[in-house]
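Every letter in the sequence shown is one number past the one before it in our numbering, and letter 64, counting from 1, is 94.
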Amino acid sequence: MLRWSLPSLARSSIWANRRSGCVLSVLSISQITHRMQLAIESLQCSCDLSSLPDQPLFGALRDHDPSSIAVLDTQSGHSFTYGNLVADVVHAKDKLNNRVNGESGLAGERIAFLAENSYDYVVTLLSILACNAIALPLSPAFPATELQYTLDDSEAKMLIAMEKHEEKVREILDKGLLSTPTFEVREKIIMGATGESPVVLQESEENQKRGGMMLYTSGTTSRPKGVIIPLSALAAQAQSLREAWKYAPQDLLLNVLPLNHIHGIVNAVLTPLLAGSAIEFLFPINPDVVWNTIL
Numbered sequence: 031m032l033r034w035s036l037p038s039l040a041r042s043s044i045w046a047n048r049r050s051g052c053v054l055s056v057l058s059i060s061q062i063t064h065r066m067q068l069a070i071e072s073l074q075c076s077c078d079l080s081s082l083p084d085q086p087l088f089g090a091l092r093d094h095d096p097s098s099i100a101v102l103d104t105q106s107g108h109s110f111t112y113g114n115l116v117a118d119v120v121h122a123k124d125k126l127n128n129r130v131n132g133e134s135g136l137a138g139e140r141i142a143f144l145a146e147n148s149y150d151y152v153v154t155l156l157s158i159l160a161c162n163a164i165a166l167p168l169s170p171a172f173p174a175t176e177l178q179y180t181l182d183d184s185e186a187k188m189l190i191a192m193e194k195h196e197e198k199v200r201e202i203l204d205k206g207l208l209s210t211p212t213f214e215v216r217e218k219i220i221m222g223a224t225g226e227s228p229v230v231l232q233e234s235e236e237n238q239k240r241g242g243m244m245l246y247t248s249g250t251t252s253r254p255k256g257v258i259i260p261l262s263a264l265a266a267q268a269q270s271l272r273e274a275w276k277y278a279p280q281d282l283l284l285n286v287l288p289l290n291h292i293h294g295i296v297n298a299v300l301t302p303l304l305a306g307s308a309i310e311f312l313f314p315i316n317p318d319v320v321w322n323t324i325l
């Protein structure tokens, strides 16, 4: 907590100048006050790097045992703890906010992302939700024309792609979109981050509570349509599933579902994370690996 006041800091600076024999007119009171304000804003910004929205999902993530496994990545063989997950989400959230100079710039905006079923997907999804933005997961299996339609229809402000999918995304951008989103390529996370300071839950202003997810329908009867699900609804669904299916921290959920539809995301990602369970990703499904995992 910052306990300094600007007047006291200004007086301390004047006193120091007197002791050193400097001429006080070199720095006026207003200049000293301005510099101290900048320093405090910098410190406050550093504090914000360790904050997440005061929402049930993020509160649960913060309170889980940090040494407990959150995600197992079958393909890479890496595992990540809840401590890693929280630290990586905070870092990714800060990185997103820095692109638009603050959280208010992303509130309610659509952020599309293209990531394989992995720890990177989880970090990206949660970091977007933590910015009070609308997460729009894209399927890596979709052809470029379908992805182009989704990006145009959603009017996404940002597009994040893992380096594995960079070439595919650049092909889409080169062909042109109705509105070109800010594009960012991210490297695969090999080693999870560690938090250097406790994470605090920060209450968002009412007009900033616009986070959620945008999922597209299958397009059986017409072109796919984007449906927005508020974060409050996602949390309520996850909580009801946790109670009905009795998810527990000792559980391990094998996720073999596509992550651009509601079941794979809410049932098999958000709900186990809310409960403190572990998730193991295996997509596309491999029957031999599934049996070996179960047995």
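Quick reminder that beta carbons are idealized off the backbone N, C-alpha and C, glycines included.
Suppose the cutoff is 6 Å on Cβ atoms and the five residues either side in sequence are ignored; what does the same chain contact list for residue i look like?
{"i": "Ala-90", "result": "Leu-304"}
{"i": "Leu-155", "result": "Ala-165"}
{"i": "Gly-138", "result": "Arg-240"}
{"i": "Ala-117", "result": "Ala-223, Thr-224 and Gly-225"}
{"i": "Val-286", "result": "Leu-312, Phe-313 and Ile-315"}
{"i": "Ser-97", "result": "Thr-111"}
{"i": "Arg-272", "result": "Thr-301, Leu-304 and Ala-305"}
Could you check if residue i is buried or exposed, using at least 16 other CB atoms within 10 Å of its CB as the buried criterion?
{"i": "Thr-165", "result": "According to the sequence provided, residue 165 is Ala. The question's Thr does not apply to it. Classification of Ala-165: buried, given that the 10 Å Cβ count is 16 or more."}
{"i": "Gly-249", "result": "exposed"}
{"i": "Gly-306", "result": "buried"}
{"i": "Ala-23", "result": "In the structure displayed, the chain extends from 31 to 325; residue 23 sits before or after that span and is not available."}
{"i": "Gln-85", "result": "buried"}
{"i": "Leu-282", "result": "exposed"}
{"i": "Ile-292", "result": "exposed"}
{"i": "Arg-48", "result": "Confidence at Arg-48 is low in this model, with a pLDDT of 33, below 50, so the placement of that residue should be treated as unreliable; the coordinate-derived value is given next. It counts as exposed."}
{"i": "Lys-123", "result": "buried"}
Just checking my contact of residue i with residue j at CB under 8 Å: how many whole Å lie between their CB atoms?
{"i": "Phe-110", "j": "Gly-222", "result": "4 Å"}
{"i": "Pro-302", "j": "Ile-309", "result": "5 Å"}
{"i": "Arg-140", "j": "Lys-205", "result": "Wrong, their Cβ atoms sit about 20 Å apart, outside the cutoff."}
{"i": "Pro-167", "j": "Asn-290", "result": "5 Å"}
{"i": "Leu-189", "j": "Pro-211", "result": "4 Å"}
Near residue i, what residues of its chain come up, given a Cβ to Cβ distance below 8 Å and the 5 sequence neighbours on each side ignored?
{"i": "Leu-207", "result": "Gln-178, Leu-181 and Asp-182"}
{"i": "Ser-72", "result": "Residue placement at Ser-72 cannot be trusted, given a pLDDT of 38 that sits under 50; the coordinates are not used to answer."}
{"i": "Asn-127", "result": "Glu-133, Gly-135, Leu-136 and Cys-161"}
{"i": "Gln-232", "result": "Asp-78, Ser-81, Leu-82, Pro-83 and Asp-84"}
Taking just the CA atoms, how far does residue j sit from residue i?
{"i": "Leu-136", "j": "Ser-80", "result": "18 Å"}
{"i": "Ser-252", "j": "Ser-270", "result": "32 Å"}
{"i": "Glu-214", "j": "Pro-254", "result": "25 Å"}
{"i": "His-195", "j": "Pro-170", "result": "8 Å"}
{"i": "Thr-247", "j": "Asp-150", "result": "24 Å"}
{"i": "Lys-276", "j": "Trp-321", "result": "23 Å"}
{"i": "Ile-219", "j": "Met-192", "result": "10 Å"}
{"i": "Leu-102", "j": "Gln-280", "result": "14 Å"}
Please go through the same chain and pick out, in chain order, the residues whose beta-carbon is closer than 7 Å to the beta-carbon of residue i, but skip the five residues on each side of it.
{"i": "Gly-256", "result": "Asp-183, Ser-184, Met-244 and Tyr-246"}
{"i": "Ser-209", "result": "Glu-185"}
{"i": "Ser-227", "result": "Ser-80"}
{"i": "Leu-300", "result": "Leu-87, Leu-264 and Ala-268"}
{"i": "Leu-159", "result": "Ala-165, Gly-241 and Leu-261"}
Is there a C-beta anywhere in chain B that falls below 8 Å from the one on residue i?
{"i": "Asn-128", "result": "In the structure shown, chain B cannot be found, because there is only a single protein chain."}
4 or more residues per run - each alpha helix (DSSP H) lying fully within the stretch 90-129: Counting only runs of 4+ residues, the alpha helix (DSSP H) found wholly inside the stretch 90-129 occupies 112-129, in chain order.
Unbroken beta strand (DSSP E) runs of length 3 or more, entirely within the stretch 131-158: which are they? Under the rule that a run must span 3 or more residues, the beta strand (DSSP E) segments found entirely inside the stretch 131-158 read 140-144.
Taking only runs of the alpha helix (DSSP H) that begin and end inside the stretch 224-312, which ones reach a length of at least 4 residues, in chain order? The DSSP assignment places 261-275 and 301-305 as complete runs of the alpha helix (DSSP H) inside the stretch 224-312, in order along the chain (cut-off: 4 residues).
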